[in-house]
Each structure stands twice: as structure tokens, then as C-alpha cells.
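Scroll down for the structure; my scribbles are underneath it.
Residue numbers (the working numbering), protein chains in the order written: chain A, 50 to 322; chain B, 235 to 503; chain C, 78 to 487.
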């Protein structure tokens with residue numbers, strides 16, 4: 050199934066690009082090799098891995114992936130990992146428009162789906178971590194916020210992410226699950242902007258990801274709430290179809306999923322799937 | 235007939251070294267706009283445009299851009315006069331400071347505004363404590379953010395016009411018994427009106443398109459602080475077609491307004 | 078020193094002025110006309126448009142001494158202006174001097190547009206040194222008029238009265254009266270760019286006069302006009318100035334304007350007053366090369382001993398005056414006669430061998446610049462010049478009759 054999809058797409062693209070015959074042959078081999086390596090997962094530490102790997106990753110992965118990138122380069126001398134961190138949607142748009150990338154790690158399955166639907170992933174993406182919502186409050190939680198309901202107290206300025214971005218959609222889901230009707234002061238354009246408002250004490254609280262609370266250190270205090278379980282965010286990762294360095298890409302994904310990788314990620318506030 | 239025409243058209247010929255770059259420049263500016271039109275989801279457009287959110291954002295955008303322009307005029311024109319007509323130590327430095335928002339990334343401008351006028355800001359904490367005024371997350375905040383970014387355009391334009399205007403007209407008014415302020419109001423102001431109009435149009439256009447400082451300082455809440463550029467940006471996150479539709483609305487409105495103003499103000503000069 | 082009378086011109090004034098290059102018959106006529114003008118019936122009109130409103134500045138200072146009394150010292154970088162100016166009401170004083178002499182600076186100091194470094198400024202007994210320009214009873218006609226381009230002629234003139242407290246209707250009525258007086262009633266609604274140069278000049282004058290100034294300042298009032306308009310406007314301006322009852326000071330680099338318009342000339346060079354007096358006196362007895370050139374005279378300094386003056390330039394010259402000590406000797410270029418050969422029977426004692434340095438057409442005359450024993454300028458007819466076969470480098474003999482020279486103490 051995967052193979053046939055891969056093959057036809059590959060052929061069509063190559064035909065569009067250049068001379069047909071050779072391209073078909075190349076495409077077939079490239080396709081089979083990438084599918085093959087997806088199936089056979091025993092070659093993790095293979096010494097053939099080298100060259101540059103380009104990883105497009107959601108902004109929330111910045112700290113942990115940077116650490117993992119260094120680990121990867123140490124494990125595979127001769128490799129260079131280049132990251133492009135940003136909003137998942139923007140990254141996905143870049144990939145489907147032909148940006149040269151090897152790996153895509155998205156903050157939402159929905160965004161990953163747009164890439165998969167465009168046939169730009171090599172094989173099915175897999176969830177490698179989860180991220181959970183938390184309430185970020187002013188340091189020390191001076192307002193004593195402990196549940197979502199506490200946020201509707203009058204005089205409290207709360208910011209959410211806009212529904213158009215993943216953290217906003219998740220917050221919406223959690224609020225609905227808890228039956229809380231909250232009118233925020235603002236729907237921020239991304240999770241960092243929401244967190245900044247609390248860091249600058251312009252807002253009393255924001256609903257953000259646990260990883261963001263962790264990254265902010267002692268500038269905010271995180272508060273867990275039960276409804277967060279209703280809006281757990283899965284992070285899928287995939288090697289890309291047009292990966293210029295598919296072997297290294299695969300190796301990087303393996304590292305992320307390995308015990309070492311998961312430890313770095315949980316340290317940053319993620320939970321294992 | 236042909237003989238008399240020939241030299242005339244010859245004299246009007248635009249030199250190729252000017253024409254070619256000019257056309258390249260024009261094409262470069264226009265192509266993205268044309269692309270926007272070509273790829274616009276025309277069939278879905280009516281649905282997009284009838285949604286109340288769009289009109290809410292558009293109304294807010296026009297209101298805030300216009301208010302920011304008026305605010306810029308009230309303080310920007312006197313500031314331009316000060317820079318153009320008086321001597322004081324460090325004037326060059328002050329002029330550079332005035333143009334700072336032009337080079338500052340708007341998001342940084344927004345953060346700076348928060349640090350100054352935020353609830354916890356240098357000035358904002360007193361505004362909050364004494365008057366109970368908080369500016370972030372309010373429409374006033376949007377206007378302030380837009381003014382911060384747009385006013386330099388007005389100041390620069392008006393200062394340039396003032397420098398080009400003959401200061402002796404003010405002297406003439408003075409010898410007729412006008413105080414310096416009267417001279418400014420009754421002589422200088424009418425003389426530099428075209429420059430002020432041009433500056434105001436620039437400022438208005440800049441304010442209308444303002445995104446970074448606005449969303450950083452005033453946040454994003456439909457009907458209160460969500461202007462068109464914010465709506466466009468957020469629509470772009472998961473519905474690019476809607477974003478294009480919103481952009482087209484903003485484009486159409488601004489072109490209509492700018493063309494209208496140009497006819498009314500600029501032609502008179 | 079202070080010429081208190083309107084007219085001081087003797088017969089010599091017209092005579093000398095007629096020799097200046099800009100001379101014109103009509104101006105001579107006008108000048109004569111002005112001398113008759115004091116007390117003419119339209120004198121009363123002058124105050125009429127201003128009568129209904131009061132001036133912001135009380136002119137009660139008449140008692141303590143009326144008119145202008147000023148010593149203007151203005152430092153501007155390396156340049157220092159230091160001139161003393163006095164004038165009685167009704168006087169028209171011309172500041173005459175080359176470009177950069179500091180005339181306009183003096184005018185700006187009088188108007189309050191340039192601060193005094195030192196000196197004093199009193200008008201009708203009131204000290205104005207510290208009074209800001211908008212509070213001085215001073216009207217200014219600027220060189221290029223500076224009519225406000227966005228206002229009609231009427232509103233330009235009404236601007237001053239309006240600023241000095243008149244309401245809109247009063248100010249406009251007053252402005253209309255002034256325009257009427259200037260013969261511009263038909264142009265009241267016109268914007269300055271629709272006015273001709275002469276009309277604009279009159280609007281500027283009306284605007285300056287409409288505030289009822291006690292001191293009227295005119296900066297090169299005719300400089301912006303073409304030759305034709307200039308003639309006409311000069312005549313009109315002289316009439317208006319003659320009617321003006323307070324002090325008028327005008328700045329010009331044109332000797333004809335100065336002599337036609339002013340009762341008294343103050344010649345300024347390099348920030349200093351080098352000579353002052355009535356137009357006739359200045360024209361007849363120039364004391365610097367600049368003035369001599371302006372009025373078209375050959376001028377030399379020297380030591381007199383009886384009828385002979387030993388010139389600083391070298392040769393001696395015989396004069397009719399009997400003087401001793403340092404003197405100036407002046408004579409017009411037309412008094413010089415040129416000969417190709419040394420004249421044998423000539424009675425002229427003043428005979429010099431010269432060489433032609435340059436030739437220039439001057440109306441129907443040829444102006445010949447000569448170098449040699451005595452550098453001088455000579456005027457002769459085109460025919461005479463042709464007969465002599467003059468060309469640069471040609472040797473000539475020049476004579477001047479003693480009766481045509483004029484010597485006066487330096």
C-alpha cells in the first residue's frame with residue numbers, strides 16, 4: 050500500500066521535472082530504498098550515516114532537539130544537523146512547497162496530516178512525544194489558581210492562544226471538557242507570545258504547554274489541571290519523501306525515539322506516548 | 235505631419251538604462267499582488283466577506299489607523315516643527331531617535347511599549363495605580379502601538395516639507411504682529427499642508443498594515459484589538475484561502491482610500 | 078548730518094544723477110513731482126485706512142523724542158555690523174551699499190529678526206532692543222515681498238491688522254481701503270501668484286502699512302522687478318513714501334533707487350557707514366570708490382595746494398577750487414576728452430598719456446577705460462570713438478578741463 054502510493058507519486062514528480070526513463074529508474078530505487086529502511090530498523094548505528102541532515106521541527110522542540118542534534122553529531126562523526134524551528138503550519142507549508150528537508154517533527158497530527166496528504170512523508174509518521182497543557186501563572190502563583198474554573202475570576206487577565214494555532218485549539222478543547230466559559234484578554238498568535246504576556250506580568254495567567262512553562266524557568270509557575278488530559282497533544286515525526294539524506298534522517302528519528310532521546314524530551318516537560 | 239512628430243516623440247523617449255530597471259522594479263512590486271489576485275479563492279470569497287468577523291476587523295482597522303493618524307498629527311506636526319525650525323543641543327540625536335521606530339522590528343517596538351505602558355511598565359504602573367488605566371489588550375493600546383510605528387513617517391515627511399518651505403514667511407508674519415504660534419498656525423501650516431497630507435497618508439497606510447507592535451502590545455481579541463493584519467496572520471495558520479480573502483479586502487479598501495485622498499489633497503497643490 | 082527736510086536737492090542733484098547709468102527722464106520728472114508733494118491733498122488719505130483701529134503700540138513717546146535713533150551692532154561670525162542711524166518722522170533713509178555690506182542685516186536688526194549684539198534702538202523715544210518683532214511698530218516690505226501664497230491679496234493685507242487685534246470685518250475693511258489706495262481694488266481676491274510684479278509690490282507695501290507702523294523698512298523694494306515695471310513702481314513707491322508720516326528705511330544697492338526714493342543716503346561698506354548725506358551731496362562728493370562708481374564719477378584722493386592737487390595715484394591735477402590738505406577730486410567721464418595725438422593748442426592743463434584698457438557701450442555713448450598716468454573712465458560718442466580708432470592697447474591723450482573737476486576736503 051505504502052509502496053504503491055510512493056511509487057506513483059514519485060514517478061509523476063520526476064516526469065514533471067526532467068527526462069523520463071532515467072528518472073523512473075532512479076525514482077523506483079529511491080522509493081524502494083526509503084521504504085525498505087523504514088521497515089528494517091536494525092541499522093541504527095550504521096557507520097554509513099554522514100553528511101548534512103536538515104530537521105524542520107516545531108518551535109516547542111527547540112531546546113530538546115538542539116541537545117539531541119549535538120548528541121547525534123557526536124554519535125555520527127561527519128554529520129551536521131541543521132534545524133529549522135518554527136510554527137508547525139509554516140514549516141508544513143514550506144515542506145509542501147518544496148523546501149529541502151529530511152525530517153519533520155510537528156506539534157500536531159493535523160499539521161503532519163497536511164504533509165502526509167501531500168505525499169511528502171516517507172511512510173507513516175509516528176508519535177514520539179506528547180505535550181500537555183498547563184496554566185502558567187505569575188511566579189509563586191499569587192492568585193492561588195489551581196483549576197481552569199479559577200481563571201474566570203473577575204479582574205483576572207488571562208491570555209489564550211488563538212484557536213488557529215495548536216495550543217489554542219487544545220486549550221479550547223480542555224475548556225469545553227471542563228465546561229468553563231472563559232473570555233480571555235487576548236488570543237495570542239502563538240504559545241511564546243502567550244507566555245511572554247505572563248512573563249511581563251501583563252497577564253495573570255495563560256494556558257500553555259508544560260514544556261513552555263518549563264522553558265520559562267522561574268519567570269512563571271506552572272499549574273496542572275485535570276482537563277488537560279482531554280487535550281493532550283501528540284507530536285508526530287517523519288522522514289520526508291524527498292529527503293536529500295534519507296539515511297541520516299532515519300537515524301535521527303531513531304535517536305529521538307530512543308531511550309536517550311526520550312530522556313532529553315521528558316526533561317523538557319514532554320511526556321512519553 | 236510625420237516630420238513634425240518625429241522629433242517630438244524622439245525627445246520623449248525614456249532612456250533604456252532608466253526604463254529597464256524601472257519596469258523591473260514595477261514588476262517586482264506588482265507581481266506578488268497579481269499572484270494574490272490570481273490565486274484568490276474567488277468562489278469562496280462571498281462567504282468569507284459576509285462573515286461578521288471580517289467586517290468587525292475591518293472596521294476596527296480603519297478606526298484605529300485613523301485615530302493613530304490623528305494622534306500622530308497632533309503631536310507629530312509640532313515635533314517636526316521643533317526639529318526643523320529650532321536649534322537645540324542634540325537635535326540631530328533627537329531626530330535619529332524619532333526615526334528609530336522605522337528600523338526597530340515592530341515586535342520589539344511592541345515589547346518596548348509593554349515595558350513602558352504595560353500594567354507593570356515604567357509609566358504604565360502609575361497609570362494603573364493612579365487612574366486605573368491599563369492599555370494592553372485595549373483598543374487604545376492598538377492605537378498607541380500603531381501611532382508608535384506610524385508617527386515617524388509623518389514626522390519625517392513634515393520635517394522635510396518644513397525644511398523646504400521658506401522660513402522667511404514666518405518672519406514676515408512676525409513683523410505683521412503674529413506671535414510665533416500664530417505665524418505657524420496661519421502661515422506655515424497652510425503652506426506645508428500638502429506635506430502634512432502626504433505624511434498623514436503614509437502614516438495611515440503604515441498604521442493600517444501594522445501587525446507586530448499591535449499584536450505584541452495590544453494582543454488579539456476580535457472586535458477589540460483584532461485588526462485586519464492580525465486576522466490575516468491567524469487565518470494564515472490554518473486557512474490560507476481565508477487569509478488571502480481578508481488581504482484582498484484590506485487591499486481594496488486601502489487602495490480606494492489612498493486613491494480618494496490623493497485626488498482630493500494632492501491635486502490641489 | 079540729519080536731513081530733516083523732505084527736499085534738499087539743489088540743481089546739482091539732477092545734474093549728477095543724470096550722469097548715472099540708470100538715469101531716465103521720467104524719474105527725473107517724478108523726483109521733481111515729489112518735491113512738490115508735501116502738503117498735497119492726498120496727505121490726509123494716508124491715515125484714513127488706519128483710523129478706525131488703534132495700534133497695539135502706543136505712540137505716546139512723541140514727547141520724549143520722535144523718530145529713529147539707533148546704533149546697530151550685530152556680530153555674525155567674522156563679520157561685524159556697526160552702523161548708527163537716526164531719522165525724524167517723515168524721513169526716508171536709504172541704506173546704500175554693495176552686496177554683503179550688511180544692509181539687510183541692519184534691516185533685520187531694526188525689525189527684530191536679528192538680535193543686537195550691542196548698541197541701542199529707540200523709536201519715538203521707546204527702547205525696542207528687547208521688544209520681540211511681533212510687538213514692534215515696524216512694517217517690513219521684503220525683497221521678494223513674501224506675500225503669503227495661500228491668502229488673497231486682501232487677506233494678506235488684513236493679516237497684520239488681524240494679528241494686532243482687529244476683528245475679521247475691521248481688518249478686511251481696512252485692507253480693502255489700503256488696496257483701493259494702491260489702485261488694487263480689482264485684485265483684492267487674487268492670490269499672489271496671479272499678481273504681476275508691480276502689483277505684488279504694492280500689495281506688500283499695503284500689507285506693511287496696514288499695521289500703522291512707526292518705522293517702515295523696505296528691503297531692495299524694486300530689485301525683483303523688470304526694468305520696465307521698475308520705472309513705474311519706483312514712481313508710485315516714491316509717492317507713497319513721501320506721504321508716509323513716520324520713518325522709512327530702505328535698503329538698496331541701486332543708487333538711482335536710493336536717490337529717487339530717499340531724502341538721505343547712508344552708504345554702508347563692510348558693516349560700516351562710510352558716508353551719509355543728501356542724495357545730491359553724495360552724488361557730487363563721493364568719498365569711496367564704490368560710491369564714485371555708483372554715481373559714475375572718476376574719483377581720486379590727493380593733497381591740495383591751492384589750485385593744484387597732487388593725486389595719490391601720481392600726477393597732479395588742476396582744479397578751480399582753492400584748497401589745502403587732503404582732498405577728493407571728482408569729475409564725470411564725459412568731462413574727459415581724448416586725442417589720438419598730443420594736442421598742441423589745447424588749453425587744458427590736465428593732460429595725461431594713457432592707454433585704452435577696455436571699451437564698453439553705454440547707451441549711445443562709449444565708455445572707455447584707460448590705464449596709464451591716471452586710471453580713468455571717459456565717455457565719448459560712437460562717432461568720436463570710431464574716428465580715434467580706439468581699441469584695447471591703443472595709446473591716447475586724455476584731458477580734463479579744470480572747470481569740470483570738483484575738489485572737496487577729504
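We put the beta carbon where it would ideally sit given N, CA and C, even for glycine.
These numbers were taken from a predicted model, which means no experiment stands behind them.
Strand pairing of residue i, partner residues [DSSP]
i, result
"residue 107 (chain A)", "A:135"
"residue 486 (chain C)", "C:404"
"residue 474 (chain C)", "C:416 and C:430"
"residue 219 (chain C)", "C:222"
"residue 439 (chain C)", "C:442"
"residue 210 (chain A)", "A:237"
"residue 377 (chain C)", "C:406"
"residue 153 (chain A)", "A:105 and A:287"
"residue 100 (chain A)", "A:128"
"residue 180 (chain A)", "A:282"
"residue 261 (chain B)", "BP columns for residue 261 (chain B) are empty, so no partner."
Proximity below 7 Å, CB of residue i to CB of residue j
i, j, result
"residue 239 (chain A)", "residue 214 (chain A)", "yes"
"residue 408 (chain B)", "residue 417 (chain B)", "yes"
"residue 314 (chain B)", "residue 389 (chain B)", "yes"
"residue 348 (chain C)", "residue 158 (chain C)", "yes"
"residue 182 (chain A)", "residue 234 (chain A)", "no"
"residue 297 (chain C)", "residue 166 (chain C)", "no"
"residue 389 (chain C)", "residue 401 (chain C)", "no"
"residue 436 (chain C)", "residue 475 (chain C)", "no"
"residue 342 (chain C)", "residue 356 (chain C)", "yes"
"residue 480 (chain B)", "residue 493 (chain B)", "no"
"residue 270 (chain A)", "residue 217 (chain A)", "no"
"residue 167 (chain A)", "residue 145 (chain A)", "yes"
"residue 253 (chain A)", "residue 314 (chain A)", "no"
Chain-order list of residues whose beta-carbon lies under 6 Å from that of residue i (same chain, five-residue window excluded)
i, result
"residue 147 (chain C)", "162 and 198"
"residue 78 (chain A)", "Note on residue 78 (chain A): pLDDT 38, under 50, position unreliable in the model; no value is reported."
"residue 470 (chain B)", "477"
"residue 449 (chain B)", "464"
"residue 335 (chain C)", "171, 173, 329 and 342"
"residue 240 (chain C)", "none"
Own chain, CB closer than 8 Å to residue i, minus 5 neighbours either side, in chain order
i, result
"residue 470 (chain C)", "432 and 433"
"residue 292 (chain C)", "145, 187, 200, 213, 214, 215, 216, 323, 324, 325 and 326"
"residue 386 (chain B)", "332, 333, 334, 335 and 336"
"residue 152 (chain A)", "102, 103, 104, 105, 106, 286, 287, 288, 289, 292, 298, 301 and 302"
"residue 248 (chain A)", "265, 268 and 269"
"residue 302 (chain C)", "274, 275, 278 and 310"
Under 9 Å from the C-beta of residue i: neighbouring residues of chain A
i, result
"residue 430 (chain B)", "Residues of chain A passing the Cβ test: none, with the nearest at roughly 34 Å."
"residue 455 (chain B)", "232, 233, 234, 235 and 236"
Beta-carbon neighbours of residue i, restricted to chain C and to distances below 9 Å
i, result
"residue 405 (chain B)", "185, 188, 190, 210, 217, 219 and 223"
"residue 318 (chain B)", "Those do not exist, as residue 318 (chain B) stays about 18 Å from chain C at its closest Cβ, beyond 9 Å."
Cβ neighbours of residue i in the same chain (closer than 7 Å, five flanking residues each side left out)
i, result
"residue 311 (chain A)", "321"
"residue 260 (chain A)", "109, 180, 317, 318 and 319"
"residue 306 (chain B)", "381, 384, 385, 388 and 437"
"residue 211 (chain A)", "217, 236, 237 and 238"
"residue 277 (chain C)", "222, 224 and 269"
"residue 98 (chain A)", "125, 128, 296, 297 and 300"
Interface residues of chain A facing residue i [CB-CB closer than 8 Å]
i, result
"residue 459 (chain B)", "235"
"residue 257 (chain B)", "Under the 8 Å cutoff, chain A gives no residues; its nearest Cβ is about 28 Å from residue 257 (chain B)."
Partner residues on chain C for residue i, Cβ-Cβ distance less than 8 Å
i, result
"residue 448 (chain B)", "Within 8 Å Cβ-Cβ: nothing; residue 448 (chain B) doesn't reach chain C, min ~37 Å."
"residue 402 (chain B)", "219 and 223"
"residue 412 (chain B)", "211, 236 and 240"
Residues that residue i contacts on chain A, provided the C-beta gap is smaller than 7 Å
i, result
"residue 282 (chain B)", "Going along chain A, no residue has its Cβ under 7 Å from residue 282 (chain B), so there is no contact; the nearest lies around 15 Å."
Chain-ordered neighbours of residue i on chain B, where CB pairs are closer than 9 Å
i, result
"residue 270 (chain C)", "Per Cβ cutoff of 9 Å: no residues; residue 270 (chain C) is ~13 Å from chain B at best."
"residue 227 (chain C)", "421, 424, 425 and 427"
"residue 206 (chain A)", "353, 368, 370 and 371"
task = Can you check the region 322-353 of chain C for any alpha helix (DSSP H) of at least 4 residues that lies completely inside it and give the ranges in chain order?
result = 332-338
request  = Pick out the complete beta strand (DSSP E) segments inside the region 211-299 of chain A, 3 residues or longer, and give them in chain order.
outcome  = 235-237, 254-258, 270-272 and 282-288
key: Completely contained beta strand (DSSP E) runs for the region 168-233 of chain C, where each covers 3 or more residues   = You should have 169-173, 195-200 and 215-218.
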